[in-house]
Amino acid sequence: MKVLLSAIAAATLLIAGQAHAVDAAAAKAMAQKSGCLACHSVDAKVLGPAYKDVAAKYKGDKTAEAKLVAKVKAGGSGVWGNIPMPANSPQVKDEDIKTIVQWILSL
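Residues -21 to -1, 1 to 86, numbered by mature numbering (1 follows the signal peptide of the UniProt record, and there is no 0), are exactly what the sequence shown covers, in order.
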């Protein structure tokens, strides 16, 4: 019985990990489609900061998601340098912005 429960738990974790990977791939595709990857990349600064740097800066900040969603919607400058980020709303749907921000913060 213990072996069966262990196998079920392991399978559940494996499936959950695969589901997360699919979500990350979908979010990255959404970022590409929305034009985000013209100025950002996951690992390196382009015009804007690398997404891993954004995730590191906001790690542990419980208000980060709301702040970043607002920033992506409205645009802004000065946090990461002088090059402004244009507003991405209304051309990118709010739920897509939220998904992309959640993915960035998960990196």
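Cβ atoms here follow ideal geometry from the backbone N, Cα and C, with glycine treated the same way.
Exercise for the section: Compute the distance between the beta-carbons of residue 53 and residue 66, then report whether it is under 8 Å. Expected result: yes
Problem - Proximity below 8 Å, CB of residue 80 to CB of residue 48 - result: yes
Exercise for the section: Could you check the C-alpha separation between residue 84 and residue 28 for me, to the nearest Å? Expected result: The straight-line gap separating the alpha-carbon atoms of residue 84 and residue 28 is approximately 13 Å.
Handout entry: Per-residue burial, residue 25 [other beta carbons within 10 Å of its own, 16 or more giving buried]
Key = Exposed, by the Cβ-count rule.
Practice task
Could you check if residue 62 is buried or exposed, using at least 16 other CB atoms within 10 Å of its CB as the buried criterion?
Solution key: exposed
Handout entry: C-alpha gap between residue 21 and residue 36, whole angstroms
Key = 14 Å
Exercise for the section: In the DSSP assignment, find the unbroken alpha helix (DSSP H) run with residue 16 in it and report its ends. Expected result: Careful: residue 16 lies outside any alpha helix (DSSP H) and carries neither H nor E.
Exercise for the section: For residue 51, count neighbouring C-beta atoms within 10 Å of its own C-beta (all shown protein chains included) and say buried if the count is 16 or more, exposed if not. Expected result: buried
Practice task
Round the Cβ separation of residue 78 and residue 6 to the nearest angstrom and send it over; I've been treating them as touching at under 8 Å.
Solution key: 5 Å
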